[in-house]
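Novice:
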């Protein structure tokens with residue numbers, strides 16, 4: 008007896024043959040297996056891989072950490088989305104630029120070689136993701152408000168791509184930043200104009216100034232402003248800091264501001280040269296003075312007379328003190344390395360010049376005014392020391408007295424030394440040089456103050472460039488349900504299935520934005536695998552593949568964003584017409600189906616929503 | 097140096113375009129010798145093409161004679177600047193001054209060249 012038939016006698020004696028579904032256990036296991044395969048996919052897609060939009064927006068929101076240059080999630084694709092995050096206070100505008108770096112396919116997670124903080128080389132400055140468009144957020148609230156947040160809607164990105172982003176903030180320079188910059192300006196101008204001791208010995212620099220040198224100073228000022236403000240571009244038109252500033256303007260503006268400093272500095276240089284020349288002559292004269300035999304004779308004669316006439320001792324001391332005056336200080340290269348060094352040199356040697364001048368002045372006064380009377384005869388204190396004939400030891404001759412008086416005249420040795428000491432110490436170091444250093448410092452401070460005023464409130468752009476970030480790449484599968492009709496069976500039934508696409512698909516992205524039907528074919532076509540919800544078996548000619556379910560295999564195309572037309576094969580079992588033969592054969596018939604996405608069902612307000620392209 | 101600079105050289109106009117108008121150079125001097133004759137020489141660097149424009153043509157050096165008195169006195173000289181050839185790369189040029197009397201004294205003033 009066929010094991011597939013169960014025969015029993017009815018009450019009427021007819022033989023009733025009941026087709027035993029002897030494979031029902033096996034079929035049930037297959038159905039369970041298929042469902043086990045499908046359900047997670049269906050559930051996964053039904054729950055949605057694309058996170059649900061926030062309650063306040065239909066757009067995905069990607070949080071940006073501008074300091075860390077990171078995002079809080081993988082970037083969506085095919086749909087516009089919102090970048091949101093905190094910006095520093097004072098930001099008035101934020102721009103987003105984006106560069107495509109390549110595909111994520113086949114890279115095994117290895118990111119393109121980019122440097123965070125640096126824009127990609129050889130790419131358009133405004134990015135190449137969005138056809139040159141630069142999404143911009145304008146701060147319509149008070150820019151000074153604490154903890155401002157930006158939200159900027161950016162166009163769609165491609166799936167499975169690496170991208171790099173740059174967030175540029177437009178902000179104004181604050182008062183504190185302007186003050187900090189002014190300090191930097193003072194330092195830059197001071198050092199740049201004075202010159203580098205490692206390069207130039209003859210400081211301060213005192214030559215002509217070329218346009219190229221002006222440009223170098225400007226570059227240093229721009230760099231300082233960028234560092235102080237954190238900006239990488241200064242866009243305020245009409246300033247020497249902006250990228251598009253005309254060279255003529257730069258030249259004229261800097262020239263005018265630098266001129267007082269350079270004039271004072273050139274005059275400092277000239278004064279130092281004068282000092283050096285003077286000192287060379289002065290020290291030679293001092294050496295002559297110290298070794299002058301007549302002066303020594305005067306000193307010794309006065310000293311010998313001290314016991315008899317105490318006033319002679321004072322004069323002897325004056326002569327001795329003058330003869331002991333050391334050389335004047337020579338200006339060394341290290342004393343010229345900076346304005347402060349020059350000032351220190353002047354200050355340090357003020358005491359020498361005061362002391363030396365006082366001693367030489369007394370000697371000059373003694374020689375010029377106190378040795379002889381108006382008629383040329385020796386003063387009473389000197390007369391005993393002057394021999395009328397040939398001078399003896401410890402005595403001065405008349406010729407000696409005449410020579411000593413001549414030395415005290417303005418052009419005489421002592422008179423010249425006296426004048427030279429006054430010129431170098433009093434006029435040059437303490438007078439002229441001090442004034443010039445003060446003028447220079449004032450001119451440097453004026454430049455710093457001028458730029459403090461000019462940059463405060465100036466518009467600058469700061470940038471934060473990210474490393475590479477990838478868009479989502481795993482949205483290949485979706486779930487849908489619909490009606491499947493098999494014309495050969497003259498039957499329709501419902502089914503649930505999974506669609507496997509050939510590329511990532513973001514169901515939230517309207518198909519219409521990517522072109523016409525054929526241009527979007529890769530976003531529409533998918534393989535479909537599913538199970539009928541109701542059986543198609545009639546227990547006469549066919550029965551379902553698994554219990555009450557048959558397998559749906561097909562190739563479908565989305566007609567709209569959520570509605571799909573699929574054609575393919577319905578897999579079921581064909582029964583033998585002979586009821587005594589229980590050997591169903593696996594067979595197929597073609598079908599057409601109309602289905603819609605399961606994940607859109609909860610969101611549907613009406614059936615019309617399904618048919619939006 | 098018997099001549100002493102009381103006020104350094106200053107220009108009536110520190111920013112000029114070329115050819116310039118008259119630039120009055122002012123300075124206050126005195127002598128510690130009770131007055132003396134001095135020769136004052138103004139020079140421009142020979143490496144650039146900015147020159148003095150004088151009635152005798154374009155020169156790099158101008159010399160004048162002066163008597164420097166014992167008391168401080170302001171004195172002036174007037175110069176004009178021009179350029180030889182078309183345009184100059186100079187942003188600022190310095191007019192150097194040398195006063196030769198009993199000794200030699202240097203001074204200068206910086207002139208900005210406008211576009």
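Protein chains in written order, with this note's numbering: chain F, 8 to 620; chain P, 97 to 211. Virtual Cβ for every residue (Gly too), placed ideally from N, Cα, C. Small disclaimer: the values here were computed from a predicted structure and weren't measured.
#1: Which residues in the same chain as residue 186 of chain P place their Cβ atom closer than 7 Å to its Cβ, once the five residues preceding and following it in sequence are excluded?
#2: What separation, rounded to the nearest whole angstrom, lies between the Cα atoms of residue 188 of chain P and residue 82 of chain F?
#3: Relative to the C-alpha of residue 300 of chain F, which residue among F:281, F:322 and F:327 is closest?
#4: Quick one: residues in its chain with C-beta nearer than 8 Å to the C-beta of residue 133 of chain P, no 5 flanking neighbours on either side, listed in chain order?
#5: Alpha carbon to alpha carbon, what distance is there between residue 603 of chain F and residue 611 of chain F?
#6: Give me the subset of the stretch 213-237 of chain F whose CB atoms are less than 8 Å from a CB atom of chain P, sorted by chain position.
#7: Kindly indicate the opening and closing residues of the beta strand (DSSP E) around residue 441 of chain F.
#8: Please list the partners that residue 188 of chain P has in chain F, where partner means a Cβ-to-Cβ separation under 7 Å.
#9: Taking only the alpha-carbon atoms, compute the straight-line gap between residue 179 of chain F and residue 242 of chain F and give it to the nearest angstrom.
#10: Quick check on the burial criterion: 16 or more other C-beta atoms within 10 angstroms. Buried or exposed for residue 153 of chain P?
#11: Over what stretch of residues does the alpha helix (DSSP H) that includes residue 536 of chain F continue unbroken?
#12: Here's the rule: buried if 16 or more other CB atoms are within 10 angstroms of the residue's CB, otherwise exposed. What is residue 506 of chain F?
#13: Output the distance between the C-alpha atoms of residue 115 of chain P and residue 238 of chain F, rounded to the nearest integer angstrom.
#14: Assign residue 364 of chain F to one of three DSSP states: helix, strand, or coil.
#15: Check the Cβ of residue 434 of chain F against every Cβ in chain P and list those closer than 7 Å, keeping chain order.
#16: Leaving aside the five residues before and after residue 69 of chain F along the sequence, list all residues of the same chain whose C-beta is less than 8 Å from its C-beta, in chain order.
#17: Apart from the five residues on each side of it in sequence, which residues of its chain come closer than 8 Å, Cβ to Cβ, to residue 127 of chain F?
#18: Determine the DSSP secondary structure at residue 579 of chain F, reduced to helix, strand or coil.
#19: How would you list, in chain order, the residues of chain P whose beta-carbon sits under 7 Å from the beta-carbon of residue 411 of chain F?
#20: Pick from P:207, P:119, P:123 and P:174: whose alpha carbon is nearest that of residue 103 of chain P?
#21: With a cut-off of 8 Å, do at least 3 Cβ pairs link the stretch 330-343 of chain F to the stretch 358-366 of chain F?
#22: Considering only the beta carbon of each residue, do residue 258 of chain F and residue 217 of chain F sit closer than 7 Å?
#23: Going along the chain, which residues of its own chain have a beta-carbon closer than 8 Å to the beta-carbon of residue 105 of chain P, five neighbours each way excluded?
#24: DSSP on residue 504 of chain F, reduced to helix/strand/coil?
#25: Suppose you measure from the CA of residue 177 of chain P to the CA of residue 112 of chain P; what does that come to, to the nearest Å?
#26: What residues are listed by DSSP as bridge partners for residue 483 of chain F?
#27: Between residue 277 of chain F and chain P, is any beta-carbon pair separated by less than 7 Å?
#28: Can you give me the start and stop residues for the alpha helix (DSSP H) that residue 288 of chain F sits inside?
#29: Shortest alpha-carbon distance to residue 236 of chain F belongs to which of F:499, F:177 and F:445?
#30: Taking the alpha carbon of residue 267 of chain F as the reference point, which residue from P:117, P:99, P:128 and P:109 has its own alpha carbon closest?
#31: For a contact meaning CB atoms closer than 8 Å, what does residue 417 of chain F contact in chain P?
#32: Where do the ends of the beta strand (DSSP E) carrying residue 152 of chain P lie?
#33: Residue 86 of chain F and residue 67 of chain F look like a contact to me (Cβ under 8 Å); what is the Cβ gap, rounded to whole Å?
#34: Who are the near neighbours of residue 371 of chain F in its chain, counting only those whose CB is closer than 6 Å to its CB and skipping five residues on each side?
#35: Does any residue of chain P have a CB that is nearer than 7 Å to the CB of residue 281 of chain F?
#36: Would residue 571 of chain F pass as a contact of residue 487 of chain F if the rule is Cβ separation under 7 Å?
Specialist: Based on what the coordinates show:
#1: Counting only residues of its own chain and dropping the five nearest sequence neighbours on each side, residue 186 of chain P has a CB closer than 7 Å to the CB of 144, 146 and 209.
#2: Distance between the alpha carbons of residue 188 of chain P and residue 82 of chain F is about 56 Å.
#3: Among F:281, F:322 and F:327, the Cα nearest to that of residue 300 of chain F belongs to F:327.
#4: Result list for residue 133 of chain P: 161, 162, 163, 164 and 197, in chain order.
#5: In this predicted model, residue 611 of chain F has a pLDDT of only 44, less than 50, meaning its place in the structure is not dependable enough to derive any value.
#6: Residues of the stretch 213-237 of chain F whose Cβ lies closer than 8 Å to any Cβ of chain P, in chain order: 213, 214, 215, 216, 217, 218, 219, 220 and 221.
#7: Here residue 441 of chain F belongs to no beta strand (DSSP E); instead the alpha helix (DSSP H) covers 441-462.
#8: Correct list: 215, 216, 262, 266 and 269.
#9: Between the alpha carbons of residue 179 of chain F and residue 242 of chain F lies a gap of roughly 10 Å.
#10: The residue in question, residue 153 of chain P, is exposed, as its Cβ has fewer than 16 Cβ neighbours within 10 Å.
#11: For residue 536 of chain F, there is no enclosing alpha helix (DSSP H); the enclosing beta strand (DSSP E) has its first and last residue at 532-539.
#12: Answer is buried; the Cβ neighbour count reaches 16.
#13: Going from the Cα of residue 115 of chain P to the Cα of residue 238 of chain F covers about 41 Å.
#14: In the structure shown, residue 364 of chain F adopts helical secondary structure according to DSSP, grouped into three states.
#15: 100, listed in chain order.
#16: 78, 79, 80, 82, 83, 88, 89, 90 and 91, listed in sequence order.
#17: If you ignore the 5 residues before and after residue 127 of chain F, its C-beta comes within less than 8 Å of the C-beta of 106, 108, 121 and 171, all in its own chain and listed in chain order.
#18: Three-state DSSP puts residue 579 of chain F in a strand.
#19: Here the premise fails: no neighbours, minimum Cβ distance about 20 Å.
#20: Looking at P:207, P:119, P:123 and P:174, the one whose alpha-carbon comes closest to that of residue 103 of chain P is P:123.
#21: When Cβ pairs closer than 8 Å are counted between the two stretches, the stretch 330-343 of chain F is seen to touch the stretch 358-366 of chain F, the count reaching three or more.
#22: With contacts defined by Cβ atoms closer than 7 Å, residue 258 of chain F and residue 217 of chain F do not form a contacting pair.
#23: Excluding sequence neighbours, residue 105 of chain P sits near 121, 122, 123, 191, 193, 203, 204 and 205.
#24: In this structure, residue 504 of chain F counts as strand in the three-state DSSP scheme.
#25: Their Cα atoms are separated by approximately 9 Å.
#26: DSSP output for residue 483 of chain F lists no bridge partner at all.
#27: Answer yes: the Cβ-Cβ gap between residue 277 of chain F and chain P drops below 7 Å somewhere.
#28: Counted as a single uninterrupted DSSP element, the alpha helix (DSSP H) harbouring residue 288 of chain F occupies residues 254-297.
#29: The shortest C-alpha separation from residue 236 of chain F is found at F:177.
#30: Checking every option, the nearest Cα to that of residue 267 of chain F belongs to P:109.
#31: Neighbours of residue 417 of chain F on chain P, chain order: 128, 129 and 130.
#32: Boundaries for residue 152 of chain P: no beta strand (DSSP E) harbours it, and the DSSP string shows neither H nor E there.
#33: Yes, they are in contact, since the Cβ atoms of residue 86 of chain F and residue 67 of chain F sit about 7 Å apart, within 8 Å.
#34: Excluding positions up to five away in sequence, the list reads 415, 421, 422 and 425.
#35: Interface criterion met: the Cβ of residue 281 of chain F is under 7 Å from a Cβ in chain P.
#36: In this structure, residue 487 of chain F lies closer than 7 Å to residue 571 of chain F by Cβ.
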